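S.K.: Sending over a structure as structure tokens; questions will come in a sec.
Number of protein chains: 2
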Amino acid sequence: MRFERKDYQIRLSRLRSKRFFQGGVQALLLFDLHNIRYLTGFTGSDGVLVVRPQAATLLVDGRYVTQAQEEVQSADIYCYQDKVDGIVAVLDRAVEDPVGFEASAVSYDFYQKLAERLRKENLTPLSEELYSLRAVKEDREISCIRRAAQLSAGVLEAVSRRIRPGMSELDLALEIDFGAKRAGAERMAFETIVASGANAALPHAKPGRKILEYGDLVVVDYGAVVDGYCSDETCTFCLGSADDRKREIYSRVKEAHDRALDEVRSGVTCSRIDHVARACLAQYGLDSYFTHGTGHGVGLEVHEAPRVSRNTDTVLSEGMIITIEPGVYLPGQWGIRIEDTVLVREDGAEVLTKMPKDLLVL
Amino acid sequence: MRFERKDYQIRLSRLRSKRFFQGGVQALLLFDLHNIRYLTGFTGSDGVLVVRPQAATLLVDGRYVTQAQEEVQSADIYCYQDKVDGIVAVLDRAVEDPVGFEASAVSYDFYQKLAERLRKENLTPLSEELYSLRAVKEDREISCIRRAAQLSAGVLEAVSRRIRPGMSELDLALEIDFGAKRAGAERMAFETIVASGANAALPHAKPGRKILEYGDLVVVDYGAVVDGYCSDETCTFCLGSADDRKREIYSRVKEAHDRALDEVRSGVTCSRIDHVARACLAQYGLDSYFTHGTGHGVGLEVHEAPRVSRNTDTVLSEGMIITIEPGVYLPGQWGIRIEDTVLVREDGAEVLTKMPKDLLVL
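Read top to bottom, the protein sequences are chains A and B.
Once you know that position 95 of the first sequence is 95 in the numbering used here, the rest is easy, because the numbers rise by one and skip nothing.
Just add 362 to wherever you are in the second sequence, counting from 1, and you've got the numbering used here.
Next comes the structure, spelled out in structure tokens:
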């Protein structure tokens with residue numbers, strides 16, 4: 001266990017100091033498992049955390065009682081048969097009081113069940129207020145992500161030496177995944193993307209039986225999880241020689257990546273970072289081929305606050321960890337994406353991911 | 363592609379024939395990605411399917427346009443910048459009409475955004491009505507699950523010959539995963555569980571660095587995905603010799619498994635199946651150590667309709683595929699679970715999973 005009881009207690013205090021608790025909410029129902037892990041250390045796949053001003057209770061079903069007892073020190077454990085019954089029992093007298101709930105992590109369906117048992121008019125949906133709970137990372141969290149990035153790069157570096165025409169995308173993805181897990185990754189941060197040739201024009205392609213061919217661009221988007229924390233990095237390799245057009249567009253994407261990176265520091269808005277990348281590609285008439293946001297926060301989830309996109313007015317703070325990942329996708333032809341995970345510092349960005357980002361011709 | 367345009371069209375027609383469409387709903391908004399895959403073939407990780415009496419439109423963001431165009435023949439494709447804007451645009455004039463939405467697959471948060479733009483009083487939450495949409499499998503679906511089960515067993519059979527004291531749980535889990543993927547599994551159906559010694563008392567343990575020891579019971583719960591369809595199987599092995607107590611409890615769990623299996627046929631309720639397994643263990647005073655339901659449906663998701671638990675009054679129909687997985691967990695000591703995935707027939711069950719279920723001493 002990397003985090004200690006006091007880490008969780010500090011996080012719970014921070015949550016309790018939020019506006020909504022001061023505004024009269026007597027209990028907060030958390031359903032998002034990453035938030036629950038963040039606040040208690042519980043790593044099971046189902047549960048509810050009830051946070052009250054003086055207490056916190058983790059509700060789990062029978063499958064997770066033993067595990068919760070082992071993992072959780074910052075909350076009491078309550079075992080339920082039925083989740084809503086459990087919540088009602090744990091709230092006890094507070095069942096009549098204003099209760100906040102994590103509106104982005106609960107289905108409308110479940111909300112209805114809850115509203116039948118609690119006072120509907122007292123149920124306060126909270127989302128934006130919780131969205132950024134984990135956005136600023138503590139030193140230990142940064143260290144986990146650093147290790148995840150380091151481990152990932154070690155694996156890709158080794159695997160990249162074995163990439164050659166004739167392998168399938170899937171062979172390559174499996175080598176990366178197995179390498180990472182053997183090296184100690186808990187799991188991959190997301191399904192590893194290996195996309196070659198025309199598949200590389202699909203930003204979220206799945207690796208398939210397609211054979212890597214001479215001249216292909218190969219987009220590898222991958223990340224490992226270490227102690228719960230993700231890394232996220234994308235390299236675009238060229239197999240054999242790259243023609244001029246590929247080299248040219250690679251250098252444009254790299255320029256967009258570098259310019260956005262240069263803009264990262266605390267105090268800058270996320271939309272500004274996105275704008276810089278997009279404007280750079282627009283200079284070369286390539287912005288319409290950049291069909292996604294410039295980045296996103298990374299932590300316990302590979303996509304978390306803040307979003308780094310056109311319409312995000314979030315201001316970067318020191319300790320946030322985000323990706324910078326512009327891309328250009330030419331449908332039916334090929335694609336290029338270059339991505340790093342970076343730590344926001346007061347005066348700039350520290351790149352945590354470790355692979356070199358110049359066009360690597362293998 | 364295993365399924366054809368007409369398969370998807372038949373599924374869409376079946377959806378359209380449901381009560382709620384006859385009850386005046388003019389459009390249905392689907393968010394669950396497995397349901398969307400089921401109805402269109404789309405395998406991306408974000409999207410909305412709008413089903414109207416005469417048309418179906420799949421809404422995706424820029425990342426998925428090319429992929430959707432390649433995969434989907436049963437619906438039009440619409441690319442959105444903002445999901446709610448997209449839904450409003452696609453509904454067009456139907457925006458004033460009664461609209462059903464998949465209430466279990468949409469967050470309360472998203473519901474609120476939708477309710478601001480559509481007529482709230484016309485928004486009809488649908489959940490139970492959709493929950494069993496995929497429960498009865500078509501022949502081609504059964505064939506996918508059969509292949510997933512076959513592939514899984516081939517891998518575990520090979521790997522089990524190499525299980526020995528000194529390996530870690532994680533080593534074993536990785537061998538299974540890599541073996542399955544090399545053999546052609548799209549992915550694992552869920553994170554493979556290898557739980558030994560006291561970890562085996564945690565029904566959902568994660569494989570860790572723990573070394574397998576002589577005398578350990580080792581619970582292996584795993585499944586592969588083939589063409590989108592999952593298998594799910596659990597074997598409990600003993601390393602070296604099993605003492606009498608372990609053999610005795612293994613035979614009790616096996617008896618509960620076999621009795622429940624004997625009860626499976628169309629027309630029987632799921633609660634009855636659960637009852638039979640539980641009552642069998644109760645005979646030996648072991649029911650309080652069986653802390654989860656007896657099973658669940660398996661298909662595009664590893665857990666889907668129907669639930670096979672104490673309170674499920676669903677009646678089994680021919681073509682449903684469920685698991686039978688009783689277990690006994692002795693906290694701090696060890697645990698045993700025996701699980702098969704089975705096809706419901708008119709007059710019984712066909713076991714699709716392939717590993718033998720007698721106690722295997724390795």
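Backbone N, C-alpha and C fix where the C-beta goes; we use that ideal spot for every residue, glycine too.
Please read all numbers here as calculations on a predicted model, not as lab measurements.
Whose Cβ in chain B lies nearer than 9 Å to the Cβ of Leu174 of chain A?
M.R.: Phe540, Lys543 and Arg544
S.K.: So if DSSP puts Asp221 of chain A in a beta bridge, which residue, or which two residues, is it bridged to?
M.R.: A:Ile193 and A:Thr234
S.K.: Out of A:Lys83, A:Glu121 and A:Val219, which one is the CA nearest neighbour of Gly100 of chain A?
M.R.: A:Glu121
S.K.: For Phe237 of chain A, I'd like the list of residues in its chain whose CB is within less than 6 Å of its CB, leaving aside the five on either flank, ordered along the chain.
M.R.: Val218, Leu360 and Leu362
S.K.: Would you please verify whether the beta carbon of Met363 of chain B is less than 8 Å from any beta carbon of chain A?
M.R.: Per-residue confidence for Met363 of chain B stands at a pLDDT of 47, beneath the threshold of 50, marking its modelled position as unreliable; the derived number appears in the next sentence. No, Met363 of chain B does not count as interfacial toward chain A.
S.K.: With Leu420 of chain B as the anchor, note down where its beta strand (DSSP E) starts and where it stops.
M.R.: Ala418 to Asp423
S.K.: Report yes or no: is there a C-beta of chain A within less than 8 Å of the C-beta of Ser375 of chain B?
M.R.: no
S.K.: Under 7 Å between beta-carbons, which chain A residues line up against Leu564 of chain B? List them in chain order, please.
M.R.: Thr66 and Gln67
S.K.: Decide yes or no for the touch test of the region 484-497 of chain B against the region 563-572 of chain B: beta carbon pairs closer than 8 Å, at least 3 of them.
M.R.: no
S.K.: In its own chain, which residues sit with a C-beta less than 7 Å from the C-beta of Lys354 of chain A, not counting the 5 before and 5 after it?
M.R.: Ala149, Gln150 and Ala153
S.K.: For chain B, find out if any of its Cβ atoms is closer than 8 Å to the Cβ of Gln333 of chain A; answer yes or no.
M.R.: Chain B, which has no Cβ nearer than 8 Å to the Cβ of Gln333 of chain A, makes this no.
S.K.: Output, in sequence order along the chain, the residues in the region 136-162 of chain A whose CB is closer than 8 Å to any CB in chain B.
M.R.: none
S.K.: Terminal residues of the continuous beta strand (DSSP E) containing Ile683 of chain B?
M.R.: Bounds of the beta strand (DSSP E) holding Ile683 of chain B are Ile683 to Ile686.
S.K.: Quick one: is Ala224 of chain A buried, meaning 16 or more other Cβ sit within 10 Å of its Cβ, or exposed?
M.R.: buried
S.K.: Tell me which same chain residues have a C-beta within less than 7 Å of the C-beta of Ala542 of chain B, skipping the five on either side of it?
M.R.: Leu513, Ser514, Val517, Met550 and Ala586
S.K.: Counting only beta-carbon separations shorter than 8 Å, does Gln112 of chain A have a partner in chain B?
M.R.: yes
S.K.: Which residues in the same chain have their Cβ closer than 7 Å to the Cβ of Ala563 of chain B, if we skip the five residues on either side of it in sequence?
M.R.: Tyr691, Leu692, Pro693, Gly694, Gln695, Trp696 and Gly697
S.K.: What's the C-alpha gap between Met1 of chain A and Tyr111 of chain A?
M.R.: With a pLDDT of 47 at Met1 of chain A, under the threshold of 50, the modelled position of that residue is not reliable, and the figure given next carries that caveat. Distance between the alpha carbons of Met1 of chain A and Tyr111 of chain A: 34 Å.
S.K.: Just the chain B side, please: which residues come within less than 9 Å of Pro125 of chain A by C-beta, in chain order?
M.R.: Tyr470, Asp471 and Gln474
S.K.: Excluding the five sequence neighbours on either side, which residues of its own chain have a C-beta within less than 6 Å of the C-beta of Glu191 of chain A, listed in chain order?
M.R.: none
S.K.: Hey, would you say Ile555 of chain B sits closer than 8 Å to His619 of chain B, going by beta carbons?
M.R.: no
S.K.: With distances taken between CB atoms, is the gap from Tyr440 of chain B to Leu421 of chain B smaller than 8 Å?
M.R.: yes
S.K.: For His396 of chain B, which three-state DSSP category applies?
M.R.: helix
S.K.: Cutting at 8 Å between CB atoms, please list the residues of its own chain near Lys368 of chain B, excluding the five before and the five after it.
M.R.: none
S.K.: Which residues in the same chain have their Cβ closer than 8 Å to the Cβ of Pro565 of chain B, if we skip the five residues on either side of it in sequence?
M.R.: Excluding sequence positions up to five before and after Pro565 of chain B, its CB lies within less than 8 Å of the CB of Thr653, His654, Gly689, Tyr691, Gly697 and Arg699, all in the same chain and listed in chain order.
S.K.: Which residues in chain A sit within 7 Å of Gly406 of chain B, going by Cβ to Cβ distance?
M.R.: Residues of chain A passing the Cβ test: His204.
S.K.: Comparing C-alpha positions only, which one of A:Phe42, A:Ser13 and A:Arg164 sits nearest to Phe64 of chain A?
M.R.: A quick correction: the sequence has Tyr, not Phe, at residue 64 of chain A. For Tyr64 of chain A, the nearest C-alpha among the options comes from A:Phe42.
S.K.: Assuming Leu343 of chain A is part of the beta strand (DSSP E), what are its boundary residues?
M.R.: It spans Asp340 to Arg345 - the beta strand (DSSP E) in which Leu343 of chain A sits, taken as one unbroken run.
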